[in-house]
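Q: Here the protein sequences line up with chains F and V, keeping their order. In case it helps, our numbering puts the first sequence at residues 1 to 326. In case it helps, our numbering puts the second sequence at residues 327 to 652.
Protein chains: 2
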Amino acid sequence: MKITVLSGGVGGARFTRGLQAALRTRLPDGSGGTTADVTVVANVGDDMWLHGVRVCPDLDTLMYTLGGGVHEEQGWGRRDETRRTSDDLAAYGLGWEWFTLGDLDLATHLARTELLSSGLPLSAVTERLCERWKPGVRLLPATDHEVETHVQTADGLIHFEEWWVRHRAALPALGFVQVGLDDAVPAPGVLAALTDADLVVIPPSNPVVSVGTILTLPGVRDAIRSARGSVVGVSPIVGGAPVRGMADACLTAIGVETSAEAVARHYGRRDSGGLLDAWLVDDADAATAATLRDEGWRTAATDTLMVDVPAATHVAATALDLATRA
Amino acid sequence: MKITVLSGGVGGARFTRGLQAALRTRLPDGSGGTTADVTVVANVGDDMWLHGVRVCPDLDTLMYTLGGGVHEEQGWGRRDETRRTSDDLAAYGLGWEWFTLGDLDLATHLARTELLSSGLPLSAVTERLCERWKPGVRLLPATDHEVETHVQTADGLIHFEEWWVRHRAALPALGFVQVGLDDAVPAPGVLAALTDADLVVIPPSNPVVSVGTILTLPGVRDAIRSARGSVVGVSPIVGGAPVRGMADACLTAIGVETSAEAVARHYGRRDSGGLLDAWLVDDADAATAATLRDEGWRTAATDTLMVDVPAATHVAATALDLATRA
Chain F
1 MKITVLSGGV
11 GGARFTRGLQ
21 AALRTRLPDG
31 SGGTTADVTV
41 VANVGDDMWL
51 HGVRVCPDLD
61 TLMYTLGGGV
71 HEEQGWGRRD
81 ETRRTSDDLA
91 AYGLGWEWFT
101 LGDLDLATHL
111 ARTELLSSGL
121 PLSAVTERLC
131 ERWKPGVRLL
141 PATDHEVETH
151 VQTADGLIHF
161 EEWWVRHRAA
171 LPALGFVQVG
181 LDDAVPAPGV
191 LAALTDADLV
201 VIPPSNPVVS
211 VGTILTLPGV
221 RDAIRSARGS
231 VVGVSPIVGG
241 APVRGMADAC
251 LTAIGVETSA
261 EAVARHYGRR
271 DSGGLLDAWL
281 VDDADAATAA
291 TLRDEGWRTA
301 ATDTLMVDVP
311 AATHVAATAL
321 DLATRA
Chain V
327 MKITVLSGGV
337 GGARFTRGLQ
347 AALRTRLPDG
357 SGGTTADVTV
367 VANVGDDMWL
377 HGVRVCPDLD
387 TLMYTLGGGV
397 HEEQGWGRRD
407 ETRRTSDDLA
417 AYGLGWEWFT
427 LGDLDLATHL
437 ARTELLSSGL
447 PLSAVTERLC
457 ERWKPGVRLL
467 PATDHEVETH
477 VQTADGLIHF
487 EEWWVRHRAA
497 LPALGFVQVG
507 LDDAVPAPGV
517 LAALTDADLV
527 VIPPSNPVVS
537 VGTILTLPGV
547 RDAIRSARGS
557 VVGVSPIVGG
567 APVRGMADAC
577 LTAIGVETSA
587 EAVARHYGRR
597 DSGGLLDAWL
607 VDDADAATAA
617 TLRDEGWRTA
627 ATDTLMVDVP
637 AATHVAATAL
647 DLATRA
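(1) Who are the near neighbours of valine 336 of chain V in its chain, counting only those whose CB is closer than 7 Å to its CB and skipping five residues on each side?
(2) Output the distance between the C-alpha atoms of glycine 515 of chain V and alanine 154 of chain F, rounded to the nearest integer angstrom.
(3) Return helix, strand or coil for arginine 17 of chain F, following the three-state DSSP convention.
(4) 7 Å is my cut-off, CB to CB: does glutamate 440 of chain V come that close to chain F?
(5) Note down, in chain order, every chain V residue with its Cβ under 9 Å from the Cβ of alanine 124 of chain F.
(6) Using a beta-carbon distance below 7 Å, is glycine 394 of chain V in contact with chain F?
(7) List the DSSP bridge partners of valine 40 of chain F.
(8) For glycine 67 of chain F, report the span of its beta strand (DSSP E) as first-last.
(9) I need the boundaries of the alpha helix (DSSP H) containing valine 125 of chain F, first residue and last residue.
(10) So which residues on chain V does serine 117 of chain F lean against when the C-beta distance must stay under 8 Å?
(11) Output needed in chain order: residues of the stretch 386-410 of chain V with a Cβ under 7 Å from some Cβ in chain C.
(12) Counting only Cβ pairs nearer than 7 Å, list the residues of chain F close to tyrosine 593 of chain V.
(13) I want to see whether chain F comes within less than 7 Å of arginine 280 of chain V, judged by CB atoms only; does it?
(14) Within the continuous beta strand (DSSP E) that includes glutamate 474 of chain V, where are the two ends?
(15) Using a Cβ-Cβ cutoff of less than 6 Å, which residues in the same chain neighbour histidine 51 of chain F once the five nearest sequence positions on both sides are dropped?
(16) Compare the beta carbon distance of glycine 239 of chain F and isoleucine 202 of chain F with 7 Å and say whether it is the shorter of the two.
(17) If the cut-off is 7 Å on Cβ atoms, which residues from the stretch 423-439 of chain V count as contacting chain F, listed in chain order?
(18) With distances taken from CA atoms, which of V:Trp424, V:Val463, V:Gly482, V:Asp431 is nearest histidine 493 of chain V?
(19) If contacts are defined as beta-carbon pairs under 8 Å, then serine 443 of chain V and leucine 466 of chain V qualify, I think. What distance do you get, rounded to the angstrom?
(20) Using the beta-carbon of each residue, which ones in chain V are nearer than 9 Å to aspartate 303 of chain F?
(21) Alpha carbons only, please: which of F:Ala241, F:Leu276, F:Glu148 is nearest the one belonging to leucine 217 of chain F?
(22) For a cutoff of 7 Å on Cβ pairs, would you count leucine 275 of chain F as touching chain V?
(23) Would threonine 391 of chain V pass as a contact of alanine 348 of chain V if the rule is Cβ separation under 7 Å?
(24) Could you tell me if glycine 334 of chain V is buried or exposed, where buried requires 16 or more neighbouring beta carbons within 10 angstroms of its beta carbon?
(25) Please report the straight-line C-alpha distance between arginine 83 of chain F and alanine 627 of chain V, rounded to a whole angstrom.
(26) Whole angstroms is fine: what's the gap from glycine 501 of chain V's alpha carbon to arginine 404 of chain V's?
(27) Please state if the CB of isoleucine 580 of chain V and the CB of valine 534 of chain V are separated by a distance shorter than 7 Å.
(28) Return the CA-CA distance between valine 179 of chain F and tryptophan 459 of chain V, expressed in angstroms with no decimal places.
(29) Give every residue of the same chain whose Cβ lies closer than 8 Å to the Cβ of alanine 197 of chain F, excluding the five residues on either side of it in the sequence, and list them in chain order.
(30) Give the straight-line distance between the Cα atoms of asparagine 206 of chain F and aspartate 431 of chain V, rounded to the nearest whole angstrom.
(31) In chain V, which residues lie with their C-beta within 8 Å of the C-beta of leucine 89 of chain F?
(32) Given a threshold of 16 other Cβ atoms within 10 Å of its Cβ, counted over all protein chains shown, does proline 310 of chain F qualify as buried or as exposed?
(33) Does the beta-carbon distance from alanine 510 of chain V to threonine 452 of chain V come in below 7 Å?
(34) Going by beta carbon distance, what residues of the same chain come within less than 7 Å of proline 186 of chain F, once the five residues before and after it are set aside?
(35) Going by C-alpha to C-alpha distance, which of V:Gly395, V:Leu420, V:Gly419, V:Asp414 sits closest to alanine 91 of chain F?
(36) Going by DSSP, what residue range makes up the alpha helix (DSSP H) through leucine 104 of chain F?
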């Protein structure tokens with residue numbers, strides 16, 4: 001069985017770890033088998049060059065989370081991290097002081113930068129880095145091109161990370177621009193991983209700047225729409241607010257209400273030209289599930305808060321159940 | 327009074343720190359004044375791209391030594407250094423494990439790489455980094471071009487640092503090649519700092535791969551030969567062996583004996599088409615000093631071991647005396 005997940009950072013990584021745990025005990029097709037090939041297509045819109053090294057926040061969060069190296073409480077970065085280099089960099093008075101490079105995290109950036117410098121595309125670099133982390137999934141960047149999300153503010157375009165980390169998304173966003181998108185194509189294997197999937201999952205990642213950025217790549221929407229199997233989404237909005245992060249600021253910028261229902265309608269139903277066959281919401285949004293179900297959506301509600309691995313496993317198992325309940 | 331020093335790493339940095347101390351108490355021209363402008367022209371042949379960042383060992387050793395941040399016992403790198411990033415990089419199984427990037431040192435490399443990426447030449451980058459270290463000298467890279475020393479071995483060319491650090495100079499060197507030299511010119515200010523100098527100093531740096539590399543740049547030899555003031559050198563060879571490092575392996579490769587006398591003759595006397603007006607050797611080579619003096623060289627012998635700042639101050643003061651004893 002082939003499962004493909006479109007992922008941002010923390011939410012997608014935690015979901016995928018739960019998915020791996022759920023798959024270890026059962027297969028959703030009831031076959032009694034115990035194996036599934038999971039491919040994760042990761043957003044690269046948050047990537048940036050910082051002090052000359054290539055930083056890929058979502059790929060790193062996925063590698064660390066699935067590879068057992070993540071800082072659990074924080075959700076991203078390395079456990080037992082220190083910031084000696086970053087602190088010393090600040091003594092040079094250079095910019096980007098608001099973005100901290102952990103000493104261990106920096107090793108990943110340096111390794112990546114060296115491999116990129118040798119001429120390897122990001123997908124091959126990621127495969128090489130995964131030889132260490134052994135995430136148990138095939139981890140693909142959405143594209144090998146440098147496609148970076150910038151935020152349109154009243155004062156002009158700024159990099160997404162600057163808006164997100166430095167301004168905590170409090171600076172009003174007028175829109176998002178994928179710089180570099182014009183020449184970009186999906187990385188090798190991405191489209192096939194979608195069309196050939198027995199199940200496509202849109203985990204509770206940011207619908208605008210994580211999943212949305214992947215969806216802007218040419219061919220990705222069509223590949224999902226033509227996927228062999230079902231497409232199931234998990235709402236990142238619970239009771240009118242993002243579970244984590246500041247997705248509300250992103251949704252507002254594109255004119256979408258911050259609600260489980262509005263995000264469902266934003267993705268759309270596959271039988272009506274959209275992407276989803278099924279939509280899993282939190283118990284807090286049980287009324288939304290009922291409303292959508294009345295319209296013919298396949299929905300369910302459960303506790304979607306992934307506070308630990310067992311909780312994430314429950315969310316993933318429920319999503320699997322919903323996807324295969326035809 | 328203008329003094330210009332042609333420097334490699336540890337030896338040149340320690341000498342220059344002694345020179346600053348010597349100048350604080352007296353001026354060699356006996357004027358009773360207390361100021362002198364010191365320019366240090368640093369070798370860049372050891373520079374390299376490592377994991378995507380630009381490492382400039384000699385510039386760094388000079389900044390840290392003159393700026394109060396050096397690891398004193400080691401002679402290079404930062405005090406209170408750690409190696410968390412480097413150790414973690416090794417977990418990726420990437421090459422260059424023999425070259426350790428300290429976490430604090432890495433901050434310098436990242437700052438430099440970022441500034442280079444912004445389009446600044448190395449000389450401007452160095453000036454910017456020196457705003458933090460305040461070395462008390464004008465620190466100039468010999469060139470803004472990437473000129474890297476490679477070592478010709480039986481198995482082909484390898485980067486100087488690989489030969490020096492990884493092989494401890496034990497792999498027989500057949501010669502040295504400055505890769506990138508064809509297009510290189512001295513950095514802005516280098517030639518003027520030599521022709522306008524009241525005193526040019528060749529400190530006890532490696533005559534082949536430190537001073538020698540600076541001398542290969544077009545115009546540098548001529549500028550020294552036409553310098554307004556004297557040119558004094560301090561022998562890096564004491565009693566037939568290098569004080570520090572493996573200069574003997576370098577000298578052997580270019581067919582020069584490892585002796586204070588042979589290095590003096592290698593540099594040559596300025597009144598015979600060479601570079602030196604005066605040559606300071608160690609007490610262990612007093613006989614060499616006498617031999618050269620009989621031939622008309624201006625020489626002296628003293629304790630040249632720079633075991634601490636007072637010792638380096640003595641060496642620099644003696645070199646100043648010798649240079650101005652006309």
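Virtual Cβ for every residue (Gly too), placed ideally from N, Cα, C.
A: In this structure, then:
(1) Taken in chain order, the residues that qualify are Thr387, Gly401, Trp402, Arg570.
(2) The C-alpha of glycine 515 of chain V lies about 44 Å from the C-alpha of alanine 154 of chain F.
(3) Taken through DSSP and simplified to helix, strand or coil, arginine 17 of chain F comes out as helix.
(4) Look at glutamate 440 of chain V: its C-beta is under 7 Å from a C-beta on chain F.
(5) Near alanine 124 of chain F there are no residues of chain V at all, since even the closest Cβ is about 14 Å away, more than 9 Å.
(6) The beta carbon of glycine 394 of chain V does not come within 7 Å of any beta carbon belonging to chain F, so the residue lies off that interface.
(7) Answer by DSSP bridge pairing, in chain order: F:Val5, F:Leu139.
(8) It is not in any beta strand (DSSP E) - glycine 67 of chain F instead sits in the alpha helix (DSSP H) that spans 57-67.
(9) Residues 122-133.
(10) Against serine 117 of chain F, the close residues of chain V are Trp375, Gly378, in the order they occur along the chain (beta-carbon pairs closer than 8 Å).
(11) Looking at the structure shown, chain C is missing, and the protein chains on hand are F and V.
(12) Residues of chain F passing the Cβ test: none, with the nearest at roughly 37 Å.
(13) There is simply no residue 280 of chain V to check, as chain V begins at 327 and stops at 652 in what is shown.
(14) Boundaries of the beta strand (DSSP E) harbouring glutamate 474 of chain V: 474-479, taken from the DSSP string.
(15) Hits under 6 Å: none found.
(16) Going by C-beta atoms, glycine 239 of chain F is not nearer than 7 Å to isoleucine 202 of chain F.
(17) Within the stretch 423-439 of chain V, the residues whose Cβ lies closer than 7 Å to some Cβ of chain F are Asp429, Leu430, Leu432, Ala433, Leu436, Ala437, Thr439, listed in chain order.
(18) Nearest Cα to histidine 493 of chain V within the set V:Trp424, V:Val463, V:Gly482, V:Asp431: V:Trp424.
(19) That belief does not hold up - the Cβ atoms of serine 443 of chain V and leucine 466 of chain V are roughly 21 Å apart, past 8 Å.
(20) Under the 9 Å cutoff, chain V gives no residues; its nearest Cβ is about 37 Å from aspartate 303 of chain F.
(21) Closest option to leucine 217 of chain F, judged by alpha-carbon separation, among F:Ala241, F:Leu276, F:Glu148: F:Glu148.
(22) The beta-carbon of leucine 275 of chain F is placed no less than 7 Å from the nearest beta-carbon of chain V.
(23) By the CB criterion at 7 Å, threonine 391 of chain V and alanine 348 of chain V fall outside the cutoff.
(24) Classification for glycine 334 of chain V: buried.
(25) Those two C-alpha atoms are separated by around 49 Å.
(26) If you take the alpha carbons of glycine 501 of chain V and arginine 404 of chain V, they lie about 31 Å apart.
(27) It is a contact, given that the beta carbons lie within the stated cut-off.
(28) The alpha-carbon atoms of valine 179 of chain F and tryptophan 459 of chain V are separated by roughly 37 Å.
(29) Once the five neighbours on either side are set aside, the close Cβ partners of alanine 197 of chain F are Lys2, Ile3, Thr4, Thr39, Ala227, Arg228, Gly229.
(30) Here the alpha carbons of aspartate 431 of chain V and asparagine 206 of chain F stand approximately 37 Å from one another.
(31) Near leucine 89 of chain F (Cβ distances below 8 Å), the residues of chain V are Ala433, Leu436, Ala437.
(32) With fewer than 16 other CB atoms across the displayed protein chains lying within 10 angstroms of its CB, proline 310 of chain F is exposed.
(33) Going by C-beta atoms, alanine 510 of chain V is not nearer than 7 Å to threonine 452 of chain V.
(34) Excluding residues within five positions, the ones whose Cβ falls inside 7 Å are Ala142, Thr143, Leu217, Gly219, Val220.
(35) Restricting attention to V:Gly395, V:Leu420, V:Gly419, V:Asp414, the CA atom closest to the CA of alanine 91 of chain F is found in V:Gly395.
(36) First-last of the alpha helix (DSSP H) with leucine 104 of chain F: 103-117.
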